[in-house]
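Chemist:
Residue numbers (this note's numbering), protein chains in the order written: chain A, 5 to 336; chain B, 122 to 912.
1) For residue 291 of chain B, report the span of its alpha helix (DSSP H) as first-last.
2) Ignoring anything shorter than 3 residues or poking outside the region 170 to 223 of chain B, list the beta strand (DSSP E) runs there in chain order.
3) Check the Cβ of residue 403 of chain B against every Cβ in chain A and list those closer than 7 Å, keeping chain order.
4) Report the three-state DSSP secondary structure of residue 70 of chain A (helix, strand or coil).
5) Please confirm whether residue 550 of chain B and residue 517 of chain B have their CB atoms less than 9 Å apart.
6) Going along chain A, which residues have a C-beta under 8 Å from residue 913 of chain B?
7) Return the CA-CA distance between residue 530 of chain B and residue 35 of chain A, expressed in angstroms with no decimal places.
8) Just list the residues that DSSP pairs residue 267 of chain A with in beta bridges.
9) Could one say the Cβ of residue 672 of chain B lies closer than 9 Å to chain A's Cβ atoms, at least one of them?
10) Just confirm the distance between the C-beta atoms of residue 903 of chain B and residue 768 of chain B, as a whole number of angstroms; I'd bet it's less than 8 Å.
11) Have a look at B/635, B/663, B/501, B/507 and flag the residue whose alpha-carbon is nearest the alpha-carbon of residue 479 of chain B.
12) Hey, would you say residue 206 of chain B sits closer than 9 Å to residue 188 of chain B, going by beta carbons?
13) For a cutoff of 9 Å on Cβ pairs, would you count residue 258 of chain B as touching chain A?
14) Using CA coordinates, which residue listed in B/334, B/457, B/448, B/223 is at the minimum distance from residue 54 of chain A?
15) Within its chain, find whatever has a CB closer than 7 Å to the CB of residue 438 of chain B; leave out the 5 residues flanking it on each side and keep chain order.
16) Can you pull the chain B residues whose beta carbon is under 8 Å from the beta carbon of residue 281 of chain A, in chain order?
17) When you compare the CB of residue 250 of chain A with every CB in chain B, is at least one pair closer than 9 Å?
18) Name the DSSP bridge partner or partners of residue 592 of chain B?
19) Indicate whether at least one CB of chain B lies closer than 9 Å to the CB of residue 42 of chain A.
20) By DSSP, does residue 484 of chain B sit in helix, in strand, or in coil?
21) Evaluate the contact criterion for the region 42 to 60 of chain A versus the region 450 to 465 of chain B: three or more CB pairs, one atom per stretch, below 8 Å.
22) Which value, in whole angstroms, describes the spacing of the CA atoms of residue 640 of chain B and residue 831 of chain B?
23) Would you mind working out which of B/822, B/355, B/154, B/191 sits nearest residue 173 of chain B, comparing C-alpha positions?
24) Under the DSSP definition of a beta bridge, which residues are partnered with residue 336 of chain B?
25) Sort A/155, A/74, A/193 by Cα distance to residue 27 of chain A and report the nearest one.
26) Is it buried or exposed, residue 906 of chain B, if we count other Cβ atoms within 10 angstroms and call 16 or more buried?
27) Between residue 304 of chain A and residue 253 of chain B, what straight-line distance do the alpha-carbon atoms span, to the nearest angstrom?
28) How close, in whole Å, do the beta carbons of residue 634 of chain B and residue 849 of chain B come, if the pair is a contact with beta carbons under 8 Å?
29) What is the rounded straight-line gap between the Cα of residue 431 of chain B and the Cα of residue 542 of chain B?
30) Under 8 Å by Cβ, that's how I've got residue 741 of chain B and residue 705 of chain B pegged, so tell me the actual separation to the nearest angstrom.
31) Residues of chain B with a CB under 8 Å from the CB of residue 302 of chain A: which are they?
32) With a CB to CB cut of under 6 Å and the five nearest residues on each side skipped, what residues in its chain are close to residue 734 of chain B?
33) CB-CB under 6 Å to residue 294 of chain B, same chain, minus the five flanking residues each way: which ones, in chain order?
34) Cβ of residue 269 of chain A less than 9 Å from any chain B Cβ?
35) Mind pulling the beta strand (DSSP E) runs of 3 or more residues that sit fully within the region 163 to 246 of chain A?
36) Hey, quick one: how far does the alpha helix (DSSP H) through residue 156 of chain B stretch, first residue to last?
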């Protein structure tokens, strides 16, 4: 069981609570008693776009925070060690130094929340990020389908942890959720949790495959009961990835779970979040439904690859008043 | 605050909408605004004006012309002058104007939104995202009805000059709800915006000019209550449409009684918001936000009474309190504000007093911790728990951001509590069980039910109340009746009192056993309470028979019997049809007996009387046919979902039948009423009452459940006024001379029952005039049940 309590980050500032979820014994009530109304969820998220906005310095600060919450990710068949090292470099310096200074943050270490890679590149990334304080996250359970034998998946987790991954992103067997076999899903996630040891476990529900918000809500509960430190929407490989309504249901489950058990679980939307505007919408929803504790990388991450570039350009615009060229910002 | 500091607090910060263009426009109005009459801008004749302020700051925005009776008169004259040409245009030509207005409103949408927010205090999000788009949608939708009027409303015509008085809570939206249907169908209007919020109406008038709308079709007279009264009392206005408080609605009902003006009222509410234990509680919490903290709770259909199933009450309230902490109250021009300013200090004071009273009466106050802006007219989102059904705050309309919560145990109790109010505007039902929600919705006595939603509106879906929330619908096909009338009304002849022959004292010789015609109450023949009878005479004055002299106690007993026959309203349409056919069958079997009786009373030839009996049998067949065919509609508003427009019975209808033709008039009025599920108290023709009393035996042999039809004979007009006064009676139909109709309308103000007073002749023998949809529509009210769906 991991409960590392409060993490003291590089600039010596305490960043609020970390996830701490030992899980609870399997219970059917929260799953069977769950009620989700899709139309109401859509109304809530679409209305929020008009109810909340941040402008000027507030927008800049929120974008910096969004950037700090990014799990900078590469999960492609053509990944190489060189590509991963480049990504790590970007994670350590996501914001051009002159911009960071213009924003009044010159004395801060601004980094992304983590770097997320396949198991094969964990050691490379750990090495590249040495001394930065940026954790390496690995997708380690037969990603993205998660259908390799459980023993293989558990072995992969252990190998990633051994290579230095501090965070493990696992994928659930969607079949268990689609057939209502919640107990089996619980047991599987529980086994992964044990394999993770001290590493934080982020559980990917594959919400695009689960399709209904009711399924999403139920799977969220099972994942949390089984001890997930984070629940995460998607692999990024489904046809539909993170959405605001899905987010609403997952974070409400996090809130209710905390109310019931006292345990704190983080949230990670992944896939399809590519613009600064999208990111702000997510942060506003998190602030409204979960509160400020979740507006920091200990409890909130974006799984994204192209989001960073757009945030940088928006911050550039904030500083200079001009819309920036992509070529003015270093690529990952 | 530096970016580094914001990174610590993660606050939202200010996000102001610019009001520069809006203020420029307000300045363009000059030192004092003008009235829009006959297509021109005119000063108020009296030269008087009043200030309109921004409730968020208290600053004066403009000086508004105070229109007086002379200005109203000029506007009415302009509207009357414009009427014939406007009406004579083709539907397509009128549609082009409405389409142009819709486009103009869209093109200037932000200006409208900012002006509205400045003047009213509502959040810019709401005026920008909700009010103004609905306004444009309303003009688009009604451009369509203008286009289709010639084909879809071929037998109807405009009413004439419409006086329209609107409230301050949705200034432009209420204008659109009034103006769009009126002018689409060929009426012309004189509209008075609310005193607190005149500005967007003036901006709309500018759009009318830009659209090239013919002069006088739309006239805007700004002013106060006195201006409104001048409209209500103006003799050349044909129709009054009012949205506002029930109190003022009642005054208008009394003031227009007997004037021949058609009237629709959209009044107050205390709408229930019912949360069942199987609801998505978080969704329901957001529903409360949209129900009572939308527009600072200044919404006639606000879900202000939370009825929460006991087992989940505490959990629900805890979630709600947490949610309230997140609501942001402040500058309505800030784009990230949930609640803006209360419209006026007077309203703020009323809210404060009522909340204080609620606490005094035992309710527990909950308000979020955040502080309100120091200046301006603000009130925090408020929840009162433990407010029992008897407490003042659970009964009166607060018209502010105050919800009261109480519990229920069972679905039946939820319905009972929900209906335990004089109002009947709207309701929300929250449950994830379809069979439960769809069982509850029809049982709620109100014009709109939202299932798992609240405060949803669309131009294609009718909106309006039951009971003391008013009558008439706005929006959709069901809203068109309020601005049109049957074409035959234009050349109709006023009804005169039926001549009464002088009593000669002779009796018609007959060998038959003496028959005593009593009253017919609860399926039994009952002696009149007073113990008096009145004679029914031949034209020569001889006595044909005697009928009971009913009085107000007999009316009371008849209404009580009708109340107990509530099962009829729930009977299947097939069942009601069968009984109507059976009544026809039994009347037909006695056709010659009825014909003889009619001839004895009227002196008409036997074959003419036989024709009346045959027409009556046919009419019963017609309503037997209609009973299972007067169906509602399935609206498709722009959501993923449907709105079911259900034709529901008015309830207990009092009917004062036409004096003549006595039998056909009796049948033509009670039959559509009971075919649609009403229970009726009928006052038959006084002059020819035996036609109805002879019918007792027809009813008794036709399996009609007791109390569905009750008959009280006697002084028709006096009894009709008693019916109109009775507060358990939901509607009254009166067919007779204008003077008595006025008394009926006046007496109806007590519970604002809907009155159909027809004071002109009608050819009852002609099916086109004597039966059909017109009657069925009057016998029903449309309830719209919104059902958003999706998994």
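Beta carbons: idealized from backbone N, C-alpha and C, even for Gly.
Modeler: Let's see:
1) By 1-based counting over the second chain, the position of residue 291 of chain B is 170. Looking at the DSSP string, residue 291 of chain B is not in any alpha helix (DSSP H), and its letter there is neither H nor E.
2) The beta strand (DSSP E) runs lying completely inside the region 170 to 223 of chain B and spanning 3 residues or more are 170 to 174, 181 to 186, given in chain order.
3) Counting from one through the second chain, the residue named residue 403 of chain B turns up at place 282. Residue 403 of chain B reaches chain A at 256, counting residues in chain order whose Cβ is nearer than 7 Å.
4) Reading the first chain from its first residue, position 66 is the one you call residue 70 of chain A. Residue 70 of chain A falls in the helix class under three-state DSSP.
5) For this step, residue 550 of chain B is matched to residue 429 along the second chain. For this step, residue 517 of chain B is matched to residue 396 along the second chain. No, Cβ-Cβ distance for residue 550 of chain B and residue 517 of chain B is not below 9 Å.
6) The structure shown has nothing for residue 913 of chain B, since chain B only spans 122 to 912.
7) Translated into positions along the second chain, residue 530 of chain B becomes position 409. Translated into positions along the first chain, residue 35 of chain A becomes position 31. Approximately 25 Å between the Cα atoms of the pair.
8) Indexing the first chain from 1 puts residue 267 of chain A at position 263. Per DSSP, residue 267 of chain A has no beta-bridge partner at all.
9) Position 551 of the second chain, counted from the start, is the residue given in the question as residue 672 of chain B. It does not; no Cβ of chain A falls within 9 Å.
10) Here residue 903 of chain B refers to the residue found at position 782 of the second chain. Here residue 768 of chain B refers to the residue found at position 647 of the second chain. For residue 903 of chain B against residue 768 of chain B, the beta-carbon gap comes to about 6 Å, under 8 Å, which counts as contact.
11) Here residue 479 of chain B corresponds to residue number 358 of the second chain, with the count starting at 1. Considering only alpha carbons, the answer is B/507.
12) The residue labelled residue 206 of chain B in the question sits at position 85 within the second chain. The residue labelled residue 188 of chain B in the question sits at position 67 within the second chain. When the beta-carbon positions are compared, residue 206 of chain B and residue 188 of chain B stay at least 9 Å from each other.
13) Reading the second chain from its first residue, position 137 is the one you call residue 258 of chain B. Taking Cβ atoms only, chain A never reaches closer than 9 Å to residue 258 of chain B, which makes this a no.
14) Position 50 of the first chain, counting from 1, holds the residue named residue 54 of chain A. Here the closest residue by C-alpha is B/457.
15) Taking the first residue of the second chain as position 1, residue 438 of chain B is located at position 317. Apart from sequence neighbours up to five positions away, the residues of its chain that approach residue 438 of chain B with a beta-carbon distance below 7 Å are 506, 526, ordered along the chain.
16) Sequence index remark: in the first chain, residue 281 of chain A carries index 277 (1-based). What residue 281 of chain A touches in chain B: nothing, since even the nearest Cβ is about 14 Å away.
17) Translated into positions along the first chain, residue 250 of chain A becomes position 246. Answer no: the Cβ-Cβ gap between residue 250 of chain A and chain B never drops below 9 Å.
18) Looking up residue 592 of chain B in the second chain gives position 471. Paired residues: B/386.
19) As a working mapping, residue 42 of chain A is identified with position 38 in the first chain. Residue-level contact check: residue 42 of chain A touches chain B, since one or more beta carbons of chain B fall below 9 Å from its beta carbon.
20) Residue numbering aside, residue 484 of chain B sits at position 363 when the second chain is read from its first letter. If DSSP states are grouped into helix, strand and coil, residue 484 of chain B belongs with coil.
21) These segments touch.
22) Numbered from its first residue, the second chain carries residue 640 of chain B at position 519. Numbered from its first residue, the second chain carries residue 831 of chain B at position 710. For residue 640 of chain B and residue 831 of chain B, the distance between alpha carbons rounds to 8 Å.
23) For this step, residue 173 of chain B is matched to residue 52 along the second chain. In terms of CA proximity to residue 173 of chain B, B/154 leads the group B/822, B/355, B/154, B/191.
24) Here the question's residue 336 of chain B lines up with position 215 in the second chain. Looking at the DSSP output, residue 336 of chain B bridges to nothing.
25) If you number the first chain from 1, residue 27 of chain A lands on position 23. Of the listed residues, the one whose Cα sits closest to residue 27 of chain A is A/193.
26) As a working note, residue 906 of chain B is residue 785 in the second chain. Residue 906 of chain B comes out buried.
27) Numbered from 1 along the first chain, position 300 holds the residue referred to as residue 304 of chain A. Numbered from 1 along the second chain, position 132 holds the residue referred to as residue 253 of chain B. The straight-line gap from Cα to Cα measures roughly 37 Å.
28) The residue labelled residue 634 of chain B in the question sits at position 513 within the second chain. The residue labelled residue 849 of chain B in the question sits at position 728 within the second chain. Wrong, their Cβ atoms sit about 38 Å apart, outside the cutoff.
29) Numbered from 1 along the second chain, position 310 holds the residue referred to as residue 431 of chain B. Numbered from 1 along the second chain, position 421 holds the residue referred to as residue 542 of chain B. Between residue 431 of chain B and residue 542 of chain B, the C-alpha separation is close to 21 Å.
30) Here residue 741 of chain B refers to the residue found at position 620 when the second chain is read from its first residue. Here residue 705 of chain B refers to the residue found at position 584 when the second chain is read from its first residue. Contact holds; Cβ gap of about 4 Å.
31) Numbered from 1 along the first chain, position 298 holds the residue referred to as residue 302 of chain A. The contacting residues do not exist; residue 302 of chain A stays about 14 Å from chain B at best.
32) Taking the first residue of the second chain as 1, we reach residue 734 of chain B at position 613. Closer than 6 Å at the Cβ level, and outside the excluded window around residue 734 of chain B, lie 712, 715, 716.
33) Here residue 294 of chain B refers to the residue found at position 173 of the second chain. The residues are 252, 255, 256.
34) What you label residue 269 of chain A is simply residue 265 of the first chain in a count that begins at 1. Residue 269 of chain A does not count as touching chain B.
35) When DSSP assignments are scanned along the region 163 to 246 of chain A, the uninterrupted stretches of beta strand (DSSP E) that are 3 or more residues long and fall wholly within it turn out to be 171 to 175, 204 to 208, 234 to 236.
36) Against the second chain, residue 156 of chain B aligns to sequence position 35. Residue 156 of chain B -> not in any alpha helix (DSSP H); beta strand (DSSP E) instead, spanning 156 to 158.
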